[in-house]
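Q: Here this note's numbering is used: the first residue of the sequence shown is 1362, the next is one more, and so on. Ideal Cβ placement from N, Cα and C applies to all residues, glycine included. If you're wondering where the values come from, they're calculated on a predicted model, not measured in any experiment. Let me begin by handing over the structure; questions about it come next.
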Amino acid sequence: MIRCRWSIALLLGILLTLAGCVANPVTGRKELRLVSEAREIRLGEANYLASQQMQGGIYNVDPELTRYVQQVGNKLAKVSDRELPYEFVVLNNSVPNAWALPGGKIAINRGLLTELDNEAELAAVLGHEIVHAAARHGAKGVERGLLLQGAMITTGLLARDSDYAGLILGGAQLAAGLISQKYGRDAERESDHFGMRYMSRAGYKPEAAVSLQEVFLRLSGNKSTNWLDGLFASHPPSRERIENNKRTAAALPPDGVLNRERYQQKMTRLRRTKPAYEAHDKGRKALKKGDVQTALALAREALKMEPREAQFHALLGDASFSQQHYRRALPHYNRAIDLQDRFFHY
């Protein structure tokens, strides 16, 4: 038992020695830091491409749209409280979602872009994600994980000879879940608050963040699978968030732009081809269930509306491949690669 206690003391001593107490670049609060900025940036860079691949890859049918999103994102990044190598990409995914990795690596799905009404709402989404990166929310999650793993290891050492070992370890795991949940809520509040400040600094009307949350709260009641799997899973809307945003907006300058016409113009192609992606997504589900003919028909329907989408050609290839028609599948895969040669699926 004495040896176990020395193990705990040694582990905690090492962790605290590695940590430094520094001010958070966004909130100004003093906090322990186990992950350096250099490692934080490397962590984001190391996982950015893989995360994109897992979420459908880059949306490259309309490069002008991606440049537009990057312009808005960079405008916000310039007025943020922390200088990072920010990057912004649009992902080829119908699920409405956006996310940020440590170090400023940010993504937004085309499925969310079609749900927004104006550029200020886009700025609200991107500003929120910028704060997640600038305030080290992802890095702090990693740090909490390191500390909790250490605590659970040492708790296991103490409890391994006890009849209550399972109960003690179960309690530690429960605490880990509760701490993560609280961190998530605090992070959301910070990202809403400071994201609206960034909007205002960049010249956008901060009230757009309020109207956006009102739309999200209304949509959350529809129980749409896409929304539940996407944005609402990681960014749950609530009446509390709306009221907090209203108070923040009231304390900020009331002027600013919405840029609705510009946003609608930039989304023209994406909105026009939305039914094509809906057909593709239904085709994927049909193929997963073994309904090859329906999948083929839906893929062809999608291609009529957007012939330059690689995923639609890949669906034709996958459907043919599932029937062991390999020669028939090959030209579809080749066409998909011609259109998008940086997606692992084909």
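#1: Can you check the stretch 1370-1447 for any alpha helix (DSSP H) of at least 4 residues that lies completely inside it and give the ranges in chain order?
#2: Which of the three DSSP states is assigned to Phe1682 in this structure?
#3: Using a Cβ-Cβ cut-off of 6 angstroms (strictly less than) and excluding sequence neighbours within five positions of Glu1392, which residues of its own chain qualify?
#4: Can you check whether the CB of Tyr1638 is closer than 8 angstroms to the CB of Gly1678?
#5: Determine the direct distance from the alpha carbon of Asp1642 to that of Gln1625, and round the result to whole angstroms.
#6: Going by DSSP, which residues form a beta bridge with Ile1469?
#7: From Leu1445, Val1430 and Val1383, pick the residue whose C-alpha is nearest to that of Ala1399; which is it?
#8: Hey, quick one: how far does the alpha helix (DSSP H) through His1693 stretch, first residue to last?
#9: Nearest to Asn1620 by alpha carbon, out of Ala1495, Ile1469 and Ala1563?
#10: Within a Cβ cutoff of 7 angstroms, which residues of the same chain sit near Val1653, ignoring the five residues on either side of it in sequence?
#11: By DSSP, does Tyr1559 sit in helix, in strand, or in coil?
#12: Mapping DSSP to helix, strand and coil, what is Arg1600?
#13: Applying the 10 Å Cβ sphere with the 16-neighbour rule, what's the burial state of His1693?
#14: Does DSSP classify Thr1655 as helix, strand or coil?
#15: Which one or two residues does DSSP pair with Val1303 in a beta bridge?
#16: Hey, Lys1436 and Glu1448: beta-carbon distance below 8 angstroms or not?
#17: Could you tell me the alpha carbon to alpha carbon distance between Gln1432 and Glu1476, rounded to whole angstroms?
#18: What is the rounded straight-line gap between the Cα of Val1486 and the Cα of Leu1691?
#19: For the 8 angstroms Cβ check, are there 3 or more pairs between the stretch 1490-1507 and the stretch 1545-1560?
#20: In chain order, what residues of the same chain have a beta carbon less than 7 angstroms from the beta carbon of Arg1632, not counting five sequence neighbours either side?
#21: Can you find the residues in the same chain that come closer than 7 angstroms, C-beta to C-beta, to Glu1575, ignoring five residues on each side of it along the sequence?
#22: Does DSSP classify Phe1673 as helix, strand or coil?
#23: Could you spell out where the alpha helix (DSSP H) holding Arg1703 opens and where it closes?
#24: Looking only at C-alpha atoms, which of Leu1573, Ala1500 and Leu1462 sits nearest to Glu1406?
#25: Work out the CA separation of Leu1664 and Arg1579 for me, nearest whole Å.
#26: Which first and last residues belong to the alpha helix (DSSP H) in which Lys1635 is found?
#27: Ends of the alpha helix (DSSP H) at Ala1485?
#28: Leaving out the 5 sequence neighbours to the left and right, which residues in its chain are closer than 6 angstroms to Leu1404 when beta-carbon positions are compared?
#29: Whose CA, out of Asn1421, Glu1482, Gly1434 and Trp1460, lies closest to the CA of Asn1773?
#30: On the CB-based measure, 16 or more other CB atoms within 10 Å of its CB, does Gly1389 come out buried or exposed?
A: Concretely, from the data shown:
#1: 1398-1415 and 1424-1439
#2: Locating residue 1682 in the sequence shown gives position 321, where the first residue counts as 1. Helix.
#3: In the sequence shown, residue 1392 corresponds to position 31, counting from 1. Hits under 6 angstroms: Asn1385.
#4: Residue mapping note: residue 1678 aligns to position 317 of the sequence shown, counting from 1. Residue mapping note: residue 1638 aligns to position 277 of the sequence shown, counting from 1. No, Cβ-Cβ distance for Gly1678 and Tyr1638 is not below 8 angstroms.
#5: Along the sequence shown, one-based indexing puts residue 1625 at 264. Along the sequence shown, one-based indexing puts residue 1642 at 281. Whole-angstrom Cα-Cα distance: 24 angstroms.
#6: Translated into the one-based positions of the sequence shown, residue 1469 becomes position 108. The partner list for Ile1469 (beta bridge, DSSP) reads Val1451 and Ala1459.
#7: Position 38 of the sequence shown, counting from 1, holds the residue named residue 1399. If we check each option's Cα against that of Ala1399, Leu1445 comes out closest.
#8: As a working mapping, residue 1693 is identified with position 332 in the sequence shown. Start and end: Tyr1687 to Leu1700.
#9: Mapped onto the sequence shown, residue 1620 falls at position 259. The residue with the shortest Cα to Cα distance from Asn1620 is Ala1563.
#10: Residue numbering aside, residue 1653 sits at position 292 when the sequence shown is read from its first letter. Answer for Val1653: Ala1680, Ser1683 and Gln1684, listed in chain order.
#11: Position 198 of the sequence shown, counted from the start, is the residue given in the question as residue 1559. In this structure, Tyr1559 counts as helix in the three-state DSSP scheme.
#12: To locate residue 1600, count along the sequence shown from 1; it is residue 239. If DSSP states are grouped into helix, strand and coil, Arg1600 belongs with the helices.
#13: Within the sequence shown, the letter at position 332 stands for residue 1693. His1693 comes out buried.
#14: Mapped onto the sequence shown, residue 1655 falls at position 294. Of the three classes helix, strand and coil, the one that applies to Thr1655 here is helix, per DSSP.
#15: Nothing about residue 1303 can be reported from this structure: the residues present for the chain run from 1362 to 1707 only.
#16: Residue mapping note: residue 1436 aligns to position 75 of the sequence shown, counting from 1. Residue mapping note: residue 1448 aligns to position 87 of the sequence shown, counting from 1. Not closer than 8 angstroms, so no.
#17: Here residue 1432 corresponds to residue number 71 of the sequence shown, with the count starting at 1. Here residue 1476 corresponds to residue number 115 of the sequence shown, with the count starting at 1. Near 19 angstroms, if we compare the C-alpha coordinates of Glu1476 and Gln1432.
#18: Translated into the one-based positions of the sequence shown, residue 1486 becomes position 125. Translated into the one-based positions of the sequence shown, residue 1691 becomes position 330. When rounded, the distance between both Cα atoms is 40 angstroms.
#19: yes
#20: Mapped onto the sequence shown, residue 1632 falls at position 271. Correct list, in chain order: Thr1475.
#21: Within the sequence shown, the letter at position 214 stands for residue 1575. Excluding its 5 nearest sequence neighbours in each direction, Glu1575 has C-beta neighbours in its own chain below 7 angstroms: Ile1603, listed in chain order.
#22: Here the question's residue 1673 lines up with position 312 in the sequence shown. Correct three-state label for Phe1673: helix.
#23: Looking up residue 1703 in the sequence shown gives position 342. It is not in any alpha helix (DSSP H) - Arg1703 carries neither H nor E in the DSSP assignment.
#24: Residue mapping note: residue 1406 aligns to position 45 of the sequence shown, counting from 1. Nearest of Leu1573, Ala1500 and Leu1462 to Glu1406, Cα basis: Leu1462.
#25: If you number the sequence shown from 1, residue 1579 lands on position 218. If you number the sequence shown from 1, residue 1664 lands on position 303. Cα to Cα, the separation comes out at about 33 angstroms.
#26: Here residue 1635 corresponds to residue number 274 of the sequence shown, with the count starting at 1. Judged by DSSP secondary structure, Lys1635 falls within the alpha helix (DSSP H) whose first and last residues are Lys1635 to Lys1649.
#27: As a working note, residue 1485 is residue 124 in the sequence shown. First-last of the alpha helix (DSSP H) with Ala1485: Glu1480 to Ala1495.
#28: In the sequence shown, the residue the question calls residue 1404 occupies position 43. The answer, listed in chain order, is Pro1463.
#29: Since the first residue shown for the chain is 1362 and the last is 1707, residue 1773 is missing from the structure and cannot be characterised.
#30: Stepping through the sequence shown from its first residue, residue 1389 is reached at position 28. Answer is exposed; the Cβ neighbour count stays below 16.
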